[in-house]
Ligand SMILES: Cc1cc2nc3c(=O)[nH]c(=O)nc-3n(C[C@H](O)[C@H](O)[C@H](O)COP(=O)(O)OP(=O)(O)OC[C@H]3O[C@@H](n4cnc5c(N)ncnc54)[C@H](O)[C@@H]3O)c2cc1C
């Protein structure tokens, strides 16, 4: 396609989108308000970047489709790859999951490193220009068509397509309203999630032979979670936190005490053995938020949003980067069908994005409503779904077969209907009705 596409934001959604558009536009300009680090360091514009980011297996596949060889490159540059069934110590419902191969490999890397590797790839595209230290403050155009962006310096950049990938704090509502357009209805679910993260030096024996660990609380009485991930540079990223947490641990003493309060000692043991490489960093995530662009009856040509600007999920489920990458790919498919982003194409894209968001949103929000403190629009049938998912969860801890099915759905590799196959239901109810997982 002739012409320029502008991408607002060089985060995960923006980089995937830039790659998609580089195959379809003569020129792509990516604008970010941050100074972008040369290596994999956390940055101000992405305050979550210091915290653990699990890239779902489906997300890595999606990104590797855009950036061939990405998975191997990440490993060459220090990421850890391991089987989810044998590498991840998973404590849930009062016990550790039985170790058995799942046939599903997770690649663990820090968020800044993942972003840096992808940014390097995008920067080598001859028709992509990444401009850092520039903030978009408005759109140009009319209620019928967006024609470009205005920077806070007053500079304007004309574009045939503007894609807002500016993340959770996107100002697209204001920008659309300034053009006389309606703004999308918003769903907000208060989950009171908080995390504190600290990085440690990784040796060989701090995690009892496991490659990573997760301690998951059992709602509604347990709220505290723990996470240990191997990241590049022979480091462990250790996070503690959970749902409806107040106060969030903010110093070494409260961080360590919190780790010791978890029902499995694996996180506290690692902390007692490993050398810390920095201070604990707290983060609060009060609500999941979804903007329903697909409901709008008036959309301008030449403008869409991708990533957290559309839906910002509870980070505990690790879905945001994967859904952002999937939406970027969906945008490319819409462009191929329509030839350009007309209002009809934008509608088509938002419908596709809504379809991608529906399952992970329901999965995350449904689980969050297992806590009575969770507030907001509650999906229908949550009580029954959570009743079943608890049994399935208990059963998955002892049945490698059910664990594989569950992981496939949780990693967005398989549809949720897999969990409702008669053989799966029968086994989940048989094994999941008892706490020890033994059939009655
Ligand atoms: C604590 C935490 C942990 C998380 N853990 C996971 C996880 O385990 N797995 C997972 O998949 N997801 C996780 N997420 C979600 C993930 O971070 C997001 O889904 C993902 O970053 C979305 O990418 P994005 O491009 O939409 O936004 P971002 O990556 O946030 O990028 C937005 C970019 O836009 C730029 N920007 C903003 N406004 C402007 C402007 N006006 N002009 C120019 N530039 C602008 C910013 O500087 C930034 O670079 C987590 C989130 C949090 C908060």
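Residue numbers (the working numbering): 358 to 797.
Even glycine gets a Cβ: it sits at the ideal position worked out from N, Cα and C.
> Do the stretch 556-568 and the stretch 590-597 make contact, defined as three or more Cβ pairs closer than 8 Å?
Replying inline: yes
> Near residue 639, which residues of its chain fall below 6 Å by C-beta distance, leaving aside the five closest residues on each side in sequence?
Replying inline: 553, 605 and 607
> Would residue 680 be called buried (16 or more neighbouring beta carbons within 10 Å of its own) or exposed?
Replying inline: buried
> Between residue 629 and the rest of its own chain, which residues show a CB-CB distance below 6 Å, the 5 nearest in sequence each way excluded?
Replying inline: none
> Can we say the stretch 474-482 touches the stretch 373-380, given the rule of at least three CB pairs closer than 8 Å?
Replying inline: Short answer: they touch.
> Thinking just about the alpha-carbon of each residue, which of 577, 390, 462 and 782 is nearest to the one in residue 507?
Replying inline: 390
> If we ignore side chains and look at the alpha-carbon of each, how far apart do residue 360 and residue 657 end up?
Replying inline: Distance between the alpha carbons of residue 360 and residue 657 is about 18 Å.
> Are residue 659 and residue 519 closer than 8 Å when you measure CB to CB?
Replying inline: yes
> Over what stretch of residues does the beta strand (DSSP E) that includes residue 513 continue unbroken?
Replying inline: 513-515
> Just curious, the beta strand (DSSP E) that residue 724 is in, first and last residue?
Replying inline: Careful: residue 724 lies outside any beta strand (DSSP E), inside the alpha helix (DSSP H) at 700-725.
> Which one of 670, 619 and 366 has the shortest CA to CA distance from residue 550?
Replying inline: 670
>> With H, G and I counted as helix, E and B as strand and the rest as coil, what does DSSP make of residue 561?
In response: The DSSP-derived three-state label of residue 561 is coil.
> Whole-angstrom Cβ separation of residue 524 and residue 664, contact assumed at under 8 Å?
Replying inline: About 7 Å; that satisfies the 8 Å criterion.
>> What would DSSP say about residue 419, mapped onto helix, strand or coil?
In response: In the structure shown, residue 419 sits in a helix (DSSP, three-state: H, G or I).
> What span of residues does the alpha helix (DSSP H) with residue 680 cover, start to end?
Replying inline: Per DSSP, residue 680 belongs to the alpha helix (DSSP H) from 677-695.
> Expressed to the nearest angstrom, what Euclidean distance is found between the alpha-carbon atoms of residue 776 and residue 514?
Replying inline: 48 Å
> Taking the DSSP output, what are the residues bridged to residue 447?
Replying inline: 571
> Is it buried or exposed for residue 632, if we count other Cβ within 10 angstroms and need 16 for buried?
Replying inline: exposed
> For residue 609, does the three-state DSSP call read helix, strand or coil?
Replying inline: helix
>> Starting from residue 745, trace the alpha helix (DSSP H) in both directions and tell me its first and last residue.
In response: 739-755
> Who does residue 452 pair with in a DSSP beta bridge?
Replying inline: Under DSSP, the beta-bridge partners assigned to residue 452 are 449.
> Nearest-angstrom Cα distance between residue 429 and residue 392?
Replying inline: Pairing residue 429 with residue 392, the inter-Cα distance amounts to about 28 Å.
>> Would residue 459 and residue 441 be called neighbours here (beta carbons separated by less than 8 Å)?
In response: yes
> With a Cβ-Cβ cutoff of 8 Å, do residue 560 and residue 435 count as a contact?
Replying inline: no
> Within 7 Å: the Cβ of residue 684 and any heavy atom of ligand 1?
Replying inline: no
> How would you label residue 526, buried or exposed, when you count the other beta carbons within 10 angstroms and need 16 or more for buried?
Replying inline: When all chains shown are included, residue 526 counts as exposed.
>> Check for me: the alpha helix (DSSP H) holding residue 784 runs from which residue to which?
In response: 779-789
> Can you give, in chain order, each stretch of the beta strand (DSSP E) that sits fully within the stretch 606-681 and has at least 3 residues?
Replying inline: 638-648 and 660-662
>> Using the three-state DSSP reduction, which class does residue 491 fall into: helix, strand or coil?
In response: coil
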